[in-house]
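What follows is a single structure, written as structure tokens, with notes after it.
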Amino acid sequence: MKLPPLQVETERLMIRPFQNDDYESWLDGFNKRLPSQYKYDDGYQVMASSTKEWFKEWIRGFDEAAHRDEMYVLGIFRKEDGANIGKLELIKILRMDYQWAMMGYSIHNQYWKNGYGMESVKAALPLFFNNLDFHRIELHIRVDNEPSVRLAERAGFSLECKREAFSLENGNWVDFLIYYKNKEMDI
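The opening position of the sequence shown corresponds to residue 71 in my numbering, with each subsequent residue numbered one higher.
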């Protein structure tokens, strides 16, 4: 499958697939993370096993998954200094009569409170709807993840439902809020 252009820019950000020469910026993003700021923030992580060769394989895996239309992972970079500040991903893709995917997003915690999450989500939606031909994008958010709920609502996603005992995590079934946006809602 030939991939359509998967890059978008805002005034402050460049959103695009990771490339091999992003390794230093990617690693720096993790190395400069602050300690965990709340329940769903992993905080600082030791990345010693994440070598340049590992990174190349990681990217190759994403590229292969994108060519199979199974998953799309895009890095979020600040234009002013090229810093990798996080990523967006489309996973759990269902095509045929649905043209549906679940989107995830993460911003390194040292870059929080700057509007980067909102900016990247809003910028990427036209890319996902128009370049990748999705009709519906969903966000699956733990019910107590208030920052993610606020981002979803400010980005124009609508709450569809609460799915009870939806995902098995650490031996427990947990509830999720399902937010969605259809292509027509974003035009």
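The C-beta atom is built at its ideal place from N, Cα and C for all residues, glycine as well.
- The alpha carbon of Phe132 has as its nearest neighbour, out of Phe125, Val143 and Trp124, the alpha carbon of Val143.
- For His210, the beta-bridge partners assigned by DSSP are Ile248.
- The DSSP-derived three-state label of Pro75 is coil.
- Going by DSSP, Trp170 is part of the beta strand (DSSP E) stretching over Trp170 to Ile177.
- The region 123-130 makes contact with the region 87-102, as at least three CB pairs between them are under 8 Å.
- Annotation for Ser120: Leu97 place their beta carbon closer than 7 Å to its own, counting only its chain and skipping 5 residues before and after.
- Rounded to the nearest whole angstrom, the C-alpha separation of Asn201 and Arg86 is 13 Å.
- Of the candidates Glu81, Ala136, Ser190 and Lys253, the residue whose Cα lies closest to the Cα of Tyr175 is Ser190.
- The beta carbon of Gln107 lies closer than 6 Å to those of Asn179 in the same chain, with the five residues before and after it left out.
- It is roughly 12 Å from the alpha-carbon of Ala225 to the alpha-carbon of Pro196.
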